[in-house]
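Everything below concerns the one structure shown next.
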Amino acid sequence: MKTRKKSMFLFLALMLSMSVMLSACGKGGESSNQKEAAGQGDVGDFVLGETPLKFSFYGNYDWYTMNPWGQDPATKWIQENKKVTVEAIQSGGTALQKFNTMIASGQLPDVIWGDRGTDVEKLRKAGKLVPLDAYLDKYPNLKKWAGEKTLNMLRSEDGKLYQFPNWYTKRPMGNGGYAINNKIYKELGAPRLETFDDLYSYLKLVKEKHPDIIPFEVGISGQGIDFLYAGMSEDRTVGHLVNRAVPDGNELKSLFSDPIYRESMVFANKLFREKLITQDAITQTRDQVKEKINNGKVAIYGDFTTTVLGTEANSLLKAKDPEDGYTMIWPLHKEGVDPNKVWVNEFDTLGWNVSVITTAAKNPEGIFAYLDWLTGEEGERIIFWGPEGTYWQGTSDTGAPLYTEHYKNDVEERTKLMAIWDTFQWAGNTTFIDESKSVNEMNLPEDKRDWATVSQTSVAWKTSFDATEFGNINPLPDSEEGIIMQRIADIADQVRAKALFAKDEQEVISLLDKAEQDAQNAGYEKLLKFQTKKWQENLKKISGS
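Here the sequence shown stands for residues -24 to -1, 1 to 521, numbered as in mature numbering (1 follows the signal peptide of the UniProt record, and there is no 0).
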């Protein structure tokens, strides 16, 4: 789950700019492109590891940078043993502009890795994607691990599969949550931290006793602020904020008029005004967040990537002082709210993002074969733990790698390498990885366990909401509802930022009233009806009706 709900609308402006160009294809052009894509989907004689495979890869996120291929143990092994070489096309921090340039020039990469849904559909309708159905039986790992139900949910309107999912799952997953700075917490008497009242008291204490420390670091784009919404009521999720739609019976209704959202923004404003949360929450970069937590300059840290950034930070701090580091705690909540119904993470069986193979690829079958190997047991072991012999030797009867003493004792170096390998993980198999990690980590001495795995198994995964029913409920960007959606997204982002800087509670409410009015004038009700219809269709698919 990663930027504000995985940068869900990253392609939006691009796709709007593409609409005129793509429409020029006309029905005839689209049919021709689709036939070409279908032709590339024919199964040939490719065997991974026998025939060299080279393809270009573009990760369509501002924050994403692929590490050099073949210069680490895992991808060097893949290059030597599977004969696969991947050429990175980096976004350079300007993913939208970079992608727009590639489209305009007609020079598509072989593989695009990014958010699933409307952006993929735009490219599919332009005939720029290769259907994957013909490969599913010949290379069976994806079909085996994801299952028919998940693959069917990923299919496009034409009934074909174009998206290869990443971190798909049959079990809860997530990396978000609150983590406390152990040293500061102990120094301040280890007070109770369960409710928002507890949080407020603790943050004030931190500010008083440690004026050089940020009481509550909320991450890039202020992600931790969204946790306040999740804790204000039972079964409210961060996904409601992303879709700007709140379930009410069988309908999706306005976020801006939702009393729970209003209460959370009032509380966020209070914390911000009193300088208890990050003052540059909306504008800071990932690197700036990382520097602060790595140096122990925050008392509480919370965003969607806590177990990711927190692992390195915990390792660095404990290397200097065993009593230092971070501990993930159960999500905070309003007094009276059932803590077991507070969800700061979301998962769905479709996973996080997807890889699509474009019609520019000379060997789409080879690319699928590699992704399918990557998502299988051997591929996951190599890309997650490295080649056999260093951190693992042999496997269990379930295929899980058996950790070596080197894994147990070389925590710092292991953590660095796993962070590098994460940039090559485009076909993550959550079920296999998580089950393997859980079994192995719990057999290690407590001080040797991977911080992320402990945090996930004890807190993050237990506070993750199954949001499969809300997948792909948003319209195509250039449709009438899609244009409305962008207007609503702009309104939501603006009011969220303005509410933080409001002078008091009354101004926060006035801002939300104005946002509701502006949203309704922009066609919000039409968008909500569209999303409701898609949501109800998903529920029928899930129930098999």
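Idealized CB from N, CA, C, for every residue including glycine. Predicted model only: the values in this text are computed from it and were never measured.
Any idea if residue i is buried or exposed, counting beta-carbon neighbours within 10 angstroms, 16 or more meaning buried?
i	result
Arg147	exposed
Gly200	buried
Met149	buried
Lys338	exposed
Gln255	exposed
Asp297	exposed
Gln260	buried
Thr27	exposed
Arg168	exposed
Met304	buried
Met241	buried
Met418	exposed
Gly365	exposed
Ala70	The question names Ala, but residue 70 in the sequence shown is Thr. Thr70 should be labelled exposed.
Asp91	buried
Thr334	buried
Just the Cα atoms here: how many angstroms apart are residue i and residue j?
i	j	result
Phe33	Glu250	45 Å
residue 539	Asp324	No statement about residue 539 is possible, as the shown extent of the chain runs from -24 to 521 and does not include it.
Gly195	Thr283	13 Å
Ile189	Lys268	9 Å
Phe400	Trp45	9 Å
Gln369	Ala395	21 Å
Leu137	Leu127	7 Å
Ala122	Phe408	11 Å
Ile343	Gln73	26 Å
Ile160	Gln264	21 Å
Arg220	Phe75	26 Å
Val430	Thr380	19 Å
Glu322	Leu29	35 Å
Gln507	Ile449	5 Å
Thr166	Lys229	Just to set this straight, residue 166 is Ala in the shown sequence, not Thr. Near 41 Å, if we compare the C-alpha coordinates of Lys229 and Ala166.
Met42	Glu481	44 Å
Tyr40	Ala403	16 Å
Ser519	Gly198	36 Å
Leu247	Asp202	13 Å
Ala257	Phe192	10 Å
Phe446	Asn416	33 Å
Lys120	Thr77	37 Å
Pro223	Asp173	27 Å
Tyr237	Phe31	45 Å
Ile58	Ala345	What sits at residue 58 in the sequence shown is Lys, not Ile. Cα to Cα, the separation comes out at about 11 Å.
Thr213	Trp319	6 Å
May I ask you to list the residues that DSSP assigns as paired with residue i?
i	result
Lys296	Lys296 is not bridged to any residue.
Leu137	The partner list for Leu137 (beta bridge, DSSP) is empty, contrary to what the question assumes.
Gln483	With the sequence shown as reference, residue 483 is identified as Glu, and Gln is not the correct amino acid for it. In DSSP, Glu483 forms no bridge with anything.
Pro377	Thr371
Thr334	Leu105
residue 569	Because the chain is modelled from -24 through 521, residue 569 falls outside the range shown and cannot be assessed.
His309	Thr171
Glu227	Asp224
Trp89	Gly35, Ser331
Trp319	Thr213
Thr303	Ile156
residue 525	Because the chain is modelled from -24 through 521, residue 525 falls outside the range shown and cannot be assessed.
Quick one: give me the first and last residue of the beta strand (DSSP E) that residue i is part of.
i	result
Ser240	No beta strand (DSSP E) contains Ser240, which is instead part of the alpha helix (DSSP H) from 235 to 249.
Val265	Run containing Val265: none in the beta strand (DSSP E); it sits in the alpha helix (DSSP H), 262 to 270.
Thr61	60 to 65
Asn43	Counting along the chain, Asn43 falls outside any beta strand (DSSP E), and DSSP gives it neither H nor E.
Kindly indicate the opening and closing residues of the alpha helix (DSSP H) around residue i.
i	result
Trp121	117 to 130
Phe360	353 to 361
Lys510	500 to 519
Val430	427 to 431
Ile54	49 to 57
Leu392	Residue identity differs from the one stated: residue 392 is Lys in this sequence, not Leu. Run containing Lys392: 387 to 397, per the alpha helix (DSSP H) assignment.
Gly207	199 to 207
Phe477	456 to 477
Val218	214 to 219
Ile253	Neither: Ile253 is in no alpha helix (DSSP H) and is coded neither H nor E.
Glu417	406 to 418
Asn158	158 to 163
Ala71	71 to 81
query = Can you find at least 3 beta carbon pairs, one from the segment 206 to 221 and one from the segment 307 to 316, that sit closer than 8 Å?
reply = yes
inquiry  = Using 8 Å as the cut-off, can you tell me whether the segment 274 to 281 makes contact with the segment 142 to 161, which would need three or more C-beta pairs spanning the two stretches below that distance?
reply    = yes
key: Three-pair Cβ contact test at 8 Å for the segment 179 to 187 versus the segment 438 to 445   = no
ask   = Given 8 Å as the limit, is there contact between the segment 92 to 106 and the segment 354 to 374, that is, 3 or more CB pairs closer than that?
value = no
query = Does the segment 488 to 503 touch the segment 459 to 466, meaning 3 or more C-beta pairs lie closer than 8 Å?
reply = yes
Stretch-stretch touch, CB-based, cutoff 8 Å, three pairs: the segment 23 to 37 with the segment 63 to 71 = yes
task = Could you tell me whether the segment 110 to 120 touches the segment 348 to 355, where touching means 3 or more Cβ pairs closer than 8 Å?
result = yes
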